[in-house]
Amino acid sequence: MDTREKDIEKLKDYKYGFTTDIENIKSPKGLNEDVIKFISNIKKEPKWMLDFRLKAYERLKLLKEPNWQKPKYPKIDYQDLYYYSAPKSMKDKPKSLDELDPKLLETYKKLGIPLQEQARLNGIAVDAVFDSVSVATTFKGELTKHGIIFCSMSEAIQKHPDLVKKYLGTVIPVTDHFFATLNSAVFTDGSFVYIPEGVKCPMELSTYFRINASETGQFERTLIIADKGSYVSYLEGCTAPMRDENQLHAANVELIALDDAEIKYSTVQNWYPGDENGKGGIYNFVTKRGLCKGNNSKISWTQVETGSAITWKYPSCILKGDNSIGEFYSIAITNNHQKADTGTKMIHLGKNTKSKIISKGISAGFSDMTYRGLVDINSKAKNSSNYTQCDSLLMGNKCGAHTVPYIKNKNFDSNIAHEATTSKISEEQLHYCQQRGLNPEEAVGLIVNGFCKEVLQQLPMEFAVEAQKLVGISLEGSVG
Amino acid sequence: MSEQLQSDFDKLVKTSKFSNEEIQFKKNYLDNFIKKGFPNRKQEDWKFLDISQIIKKNISDLSYFNDYSKSNKIDPSIFVDGLEHNKIIFINGRIEKIDFNFEDQNKIEIINETKKDISFDYENSLIDLNSALTDKVLKVLVKKDYSLKKPLIIYHSTSDKIKSTNINLRLDFELGENSCLKLIDCFGYSTARSFINIFYNFNLEKGSILKNYKIDKFRNNNLKYSFNNIEQDNNSVSETFILSAGSDYFKNEINCNLNGEYSSAFINGIFSLKENQQHEIRTTINHLVENTKSYQLIKSVLGKNSKSAYQGRIFVNSKAQKTDGYQLSKAILLDETSEFNAKPELEIYADDVKCSHGSASGSLDENSIFYLMSRGLNYQQSKELLINGFLMDVVEKITDVEIKNLITNIIGLKQ
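As structure tokens, then:
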């Protein structure tokens with residue numbers, strides 16, 4: 271066995287499927303005003319934050335769960351969920367890593383995310399979120415030197431209320447759709463990033479999300495603000511234990527780029543996808559939206575979606591500032607009984623705005639994949655352009671691949687180009703690779719990696735390697 | 024709406040000679056329609072152009088009753104010159120004349136029916152409305168191995184005698200094995216504002232060929248909806264061409280089921296819109312068996328305040344290996360106020376397929392205009408030449424030379 275095969279052998283099962291046996295504090299089961307007050311209280315939030323939540327909850331009562339998506343799922347009983355769960359040891363926030371529960375440290379070590387700074391070879395600052403709370407944020411000292419704020423959302427509400435108040439809910443208002451509003455009412459933790467004017471963030475910032483407790487929904491909220499002329503690259507990774515039940519993950523992510531600022535947001539999503547019969551797995555219903563508020567700003571989304579039983583998300587860009595740029599690069603892989611309905615929205619409002627969408631979908635087994643996207647060029651968005659390319663690859667005739675783009679051009683100075691193809695790996699390509707000594711699985715791996723290359727090369731170095739491996743593993747067993 | 028509809032329906036029943044069974048049958052469809060109402064933007068298929076709003080804005084309340092017992096005068100000026108053809112003439116929704124003088128009468132059969140079931144699943148309430156209010160369903164049968172010598176032109180016209188603001192008509196076509204029919208729909212001038220709801224049902228048996236050309240060229244204030252359902256058996260070919268330019272509102276919907284191997288469907292369309300026109304083409308091609316092919320090309324030229332939408336859907340069943348599906352929509356926006364919407368959709372469950380779609384929209388290419396102007400044309404001429412070439416591309420797809428020339432002349436394009 272060569273090393274690659276060994277790698278695959280090792281990773282064949284969902285290696286992040288373990289649970290950490292740790293004592294939890296949970297909110298009472300169910301969704302009501304008391305639970306929201308409980309969450310707000312345990313996090314010692316100021317009154318305006320509680321009002322924000324309650325306003326969202328009022329709104330939520332009026333909203334209905336959307337049902338236009340392709341993957342259908344059994345009705346979720348929102349009263350049968352815990353909306354808050356945190357390790358007991360986190361109640362009195364540990365001052366440093368030395369005080370952190372060793373079990374937590376162990377968990378992250380097992381996940382390959384050591385929290386001790388000296389253990390990291392390369393400088394990536396990590397914010398680790400365990401169920402409903404952020405357990406640790408690394409490299410804080412180094413970042414503070416540059417004036418960068420990188421901390422958990424709860425901490426930001428305490429320490430930087432002005433910034434949070436000013437920006438929270440400006441991109442995803444509390445009156446948005448069902449899941450976003452649910453999140454606004456019950457969100458627990460997440461990351462907060464503020465990059466001051468003119469600062470190029472010296473290292474990659476990253477958050478690692480972990481769902482551990484059962485019957486718990488994870489509702490994290492991330493807010494990233496890049497002030498004038500700044501730059502930040504942010505990574506996000508996620509895993510969860512293997513369980514028979516479906517767990518809900520409904521996060522909100524808001525990005526705001528002011529004049530000349532750039533935000534690069536990368537996700538490698540590897541939530542537990544359920545077993546090969548489609549039992550269990552995470553429902554990943556996430557709202558991600560970026561606002562290019564200032565002129566010449568840029569927001570770029572890159573995502574590698576391999577996990578989750580159902581992925582349902584559309585990271586979007588609102589291009590409000592003149593000359594702003596939105597980008598979306600995506601690889602989505604579904605295998606077994608996984609389902610994905612993902613894509614992006616590019617809403618052009620400012621002049622000379624540009625957007626680019628590259629989406630690669632691969633479906634195998636009994637899975638179903640949909641690309642759904644919107645390109646909307648407003649009548650004021652003079653001289654704007656969009657280019658969209660979405661390609662799908664099918665493996666076997668039990669799976670499905672769908673493309674549903676919405677294209678709206680209301681400006682005669684602007685151009686929209688859209689291309690989509692659906693195909694399978696051709697016999698010629700396979701034959702060529704096998705002739706040169708690769709076995710069928712390696713050949714498919716190679717071709718798929720080539721298919722995904724355009725997106726993979728957008729990822730930061732370390733993620734790219736992991737993502738490439740993940741692509742291979744996700745398709746394991748689908749060839750033959 | 025429903026009171027008016029109910030009372031107009033009662034009047035229709037009184038003036039026509041329907042049997043009790045037929046009345047009950049129509050009543051069911053009426054109830055369905057009243058329950059569903061006109062489609063609106065909450066329904067995915069009607070997202071871009073909301074017909075209930077458009078009707079409200081343009082006609083306000085519809086009236087539905089037409090007295091089919093009285094005949095209308097035919098105005099011969101509507102006839103197409105320079106092309107010998109068979110005729111079916113509809114005036115105000117009533118069949119005034121059926122003329123197959125060029126054909127072998129034994130090979131064509133025309134049947135009048137009133138009760139006609141709908142053989143496919145649908146959610147569209149306009150089909151319910153159509154089934155409730157149509158007078159007669161005309162069925163044209165082309166027998167085995169017969170190709171019509173001349174094309175059949177169906178004239179859709181309205182006279183000023185029209186009482187209602189809604190016309191419903193339905194035609195069924197059955198093409199026997201290896202038969203061939205060329206069908207042209209001509210939509211004439213009209214001053215009246217009415218909502219016209221047309222439903223065609225085609226059944227193509229093995230090896231048959233259908234060519235359908237829909238020509239809506241002359242500016243009129245009608246709101247039109249046309250639905251074609253096409254069922255295709257082995258080796259059959261359907262070709263549909265749509266010129267969508269005349270009416271205030273026109274939605275052409277085509278549902279094509281490729282049920283037989285080696286069957287193929289071609290849809291080509293042109294939108295040429297000005298002042299306040301809103302047009303849409305929506306296609307659904309269902310590839311249900313192996314080795315089927317579909318090709319779609321839709322081009323728009325959009326002037327001031329106009330809006331076009333194209334919704335194309337290719338569905339590939341898990342059995343339908345070796346499918347070849349292609350879709351391309353292009354639009355030129357000439358004015359700040361023009362708008363183009365597209366939703367090209369692929370839904371694929373088989374792996375050995377070749378499916379792609381493309382969509383592009385934007386203004387006229389300044390470089391091309393510069394090139395032409397540097398060769399002595401003025402701005403207007405260059406613009407016209409470019410648009411001419413852009414649309415000619417679609418007309419070139421018409422496989423019948425005679426009809427191609429006719430359509431080229433009607434649109435006013437230069438070869």
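Just so you know, the protein sequences line up as chains C and X, in that order. Each residue of the first sequence is one higher than the last, beginning at 271 in the numbering used here. Each residue of the second sequence is one higher than the last, beginning at 24 in the numbering used here. Built from N, CA and C at the ideal position, the CB exists for glycine as well.
Asked                                                                                                    : Found
Residue-chain proximity (X/S323, chain C), Cβ-Cβ < 8 Å                                                   : no
Alpha-carbon spacing of X/N390 relative to X/R398, whole angstroms                                       : 13 Å
Below-8 Å beta-carbon distance, X/K40 vs any chain C residue                                             : no
8 Å Cβ cutoff, C/D611 in contact with chain X                                                            : no
Start-to-end residues for the beta strand (DSSP E) that takes in X/G493                                  : The shown model of chain X, from 24 to 438, leaves out residue 493 of chain X, and the question about it has no answer.
Inter-residue spacing [alpha-carbon to alpha-carbon] between C/F636 and C/A610                           : 12 Å
Test item: CB-CB of X/L356 and X/L325 under 8 Å                                                          : yes
Through-space distance from C/A520 to C/G487, alpha-carbon basis                                         : 8 Å
Collapsed DSSP secondary structure at X/R398 in the structure displayed                                  : coil
Under 8 Å between C-beta atoms of C/E524 and C/T477                                                      : no
CA nearest to the CA of X/E407, picked from X/I308, X/S142, X/N428 and X/S295                            : X/S295
Cβ pair X/I176, X/H108 closer than 8 Å                                                                   : yes
C/S586 at chain X interface by Cβ criterion, 8 Å                                                         : no
Beta-carbon spacing of X/K274, X/L72 below 8 Å                                                           : yes
Within-8 Å CB hit, X/L369 to chain C                                                                     : yes
Beta-carbon spacing of X/L369, C/T673 below 8 Å                                                          : yes
Within-8 Å CB hit, C/G670 to chain X                                                                     : yes
The region 685-707 of chain C: positions lying closer than 8 Å to chain X by Cβ                          : N685, I686, A687, H688, E689, A690, T691, T692, S693 and K694
Close Cβ partners of C/C660 (< 6 Å) along its chain, the five nearest in sequence each way excluded      : S629, Y641, T673 and A690
Same chain, Cβ closer than 6 Å to C/N565, neighbours up to 5 away in sequence not counted                : D529, G591, D592 and N593
Three-state class that DSSP yields for X/N252 in the structure shown                                     : strand
Cβ neighbour criterion (16 or more within 10 Å) applied to X/V376                                        : buried
is_contact[C/Q388, chain X] using C-beta, thresh 8 Å                                                     : The pLDDT assigned to C/Q388 is 45, lower than 50, so where the model puts this residue is not dependable, and the model offers no usable value.
Coil, strand or helix - C/V434 by DSSP                                                                   : helix
Short CB-CB distance (under 8 Å) between C/L664 and chain X                                              : yes
Straight-line Cα distance separating C/Q705 from C/D277                                                  : Note that C/D277 scores 49 on pLDDT, short of 50, meaning its location in the model is unreliable; the coordinates nonetheless yield the value given after this. C-alpha separation (whole angstroms): 24 Å.
Residue burial classification, C/W318 (beta-carbon count within 10 angstroms, cutoff 16)                 : exposed
Within the region 66-91 of chain X, ranges of the alpha helix (DSSP H) (whole runs, at least 4 residues) : 74-81
Residue environment, C/E376, which counts as buried when at least 16 other CB atoms sit within 10 Å      : exposed
Cβ-Cβ distance between C/S570 and C/Y535 below 8 Å                                                       : yes
Between the CA atoms of X/N153 and X/E136 - distance to the nearest angstrom                             : 14 Å
Chain X contact for C/D592 (CB, 8 Å cutoff)                                                              : no
Among C/D291, C/I601 and C/E532, the one whose alpha carbon lies nearest that of C/A751                  : Missing from the structure shown is residue 751 of chain C; chain C here goes from 271 to 750 and no further.
Limits of the alpha helix (DSSP H) - the one that C/Q705 falls within                                    : E697 to Q705
Chain C contact residues for X/K366, given Cβ-Cβ distances below 9 Å                                     : V674, P675, Y676 and I677
Cβ of X/Y212 within 8 Å of any chain C Cβ                                                                : no
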